[in-house]
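In the numbering used here, the protein residues as written are 73 to 286.
For reference, the structure discussed in these notes is given below.
Given below as structure tokens:
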């Protein structure tokens with residue numbers, strides 16, 4: 073959905089809008105009065121925050137010189153690992169000290185600041201050409217993405233890899249909270265420091281792609 077939409081409205085416009093919506097919804101989750109509303113807001117948050125990674129690589133490919141595009145993409149992916157680690161470490165410490173609402177609220181405020189910075193600091197796109205949305209073309213593209221064997225294989229690889237990744241880290245964090253470890257939330261969150269390996273390997277992979285071909 074976000075890919076074709078960004079073709080029409082622009083990569084930057086979509087990234088700015090989805091980040092802003094995600095930050096505002098995250099603030100709402102920090103003050104949600106019920107479990108049902110919290111769950112609904114988290115679902116909306118997950119949908120909104122997907123806008124940036126869905127089009128960021130396309131934006132970099134368009135706006136960065138071809139000789140640097142792979143390195144820039146690797147640097148971006150490394151940054152996502154660093155951000156994921158920082159967010160989890162920060163929320164773990166804040167949840168220990170002040171409770172989960174303050175932890176989520178702090179991350180939401182940080183996300184809002186980042187969304188505003190993105191809107192103000194990124195220069196206008198120079199190589200983007202808008203493509204009007206056509207419902208039939210959109211339906212054809214959706215059908216192609218759903219039934220192309222190569223793409224479906226990539227979807228399954230991503231699905232299984234991400235499922236195992238999330239399950240392993242979440243399960244490990246909960247396990248560290250229980251006996252015999254009985255760690256605090258802040259200490260248990262230190263397991264996410266292993267994300268640093270991704271922050272190093274992704275830019276390295278980008279440089280290797282430039283040197284040896286992707």
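Cβ coordinates follow ideal geometry from the N, Cα and C atoms, glycine included.
Original post:
Quick one: complete alpha helix (DSSP H) runs, 4+ long, within the segment 77 to 141?
Top reply: 83 to 102, 107 to 121 and 123 to 135
Original post:
Cα separation between residue 158 and residue 208?
Top reply: 42 angstroms
Original post:
Would you call the CB atoms of residue 271 and residue 153 closer than 9 angstroms?
Top reply: yes
Subject >> For residue 94 and residue 43, the rounded distance between their alpha carbons >> reply: Only positions 73 to 286 of the chain appear in the structure, and residue 43 is not among them; the question remains open.
Original post:
Which residues bound the alpha helix (DSSP H) around residue 233?
Top reply: 221 to 249
**OP:** Buried or exposed for residue 275, please, with buried defined as at least 16 other CB atoms from any protein chain shown within 10 angstroms of its CB.
**Re:** buried
**OP:** Assign residue 132 to one of two classes, buried (16 or more other C-beta atoms within 10 Å of its C-beta) or exposed (fewer than that).
**Re:** buried
**OP:** In angstroms with no decimal places, state the Cα-to-Cα distance between residue 86 and residue 124.
**Re:** 8 angstroms
Subject >> Opening and closing residue of the alpha helix (DSSP H) in which residue 258 lies >> reply: 257 to 260
Subject >> Distance between beta carbons of residue 176 and residue 102, contact taken as under 8 angstroms >> reply: 4 angstroms
Original post:
Could you give the distance in angstroms between the alpha-carbon of residue 257 and the alpha-carbon of residue 116?
Top reply: 26 angstroms
**OP:** Return the chain-ordered list of same chain residues with a C-beta closer than 7 angstroms to the C-beta of residue 213, the five sequence neighbours on each side being excluded.
**Re:** 76
**OP:** Could you tell me the boundaries of the alpha helix (DSSP H) in which residue 188 lies?
**Re:** 172 to 193
Original post:
If you run the structure through DSSP and keep just helix, strand and coil, what is residue 275?
Top reply: helix
Original post:
So, residue 165 versus residue 261, is the Cβ gap smaller than 9 angstroms?
Top reply: yes
Subject >> Spatial distance of residue 267 from residue 229 (CA atoms) >> reply: 20 angstroms
Original post:
What is the rounded straight-line gap between the Cα of residue 74 and the Cα of residue 251?
Top reply: 44 angstroms
Subject >> Closest residue to residue 135 among 195, 110 and 78 (Cα-Cα distance) >> reply: 195
Subject >> Contact under 9 angstroms by Cβ, residue 244 with residue 259 >> reply: no
Original post:
Which of helix, strand or coil does DSSP assign to residue 73?
Top reply: coil
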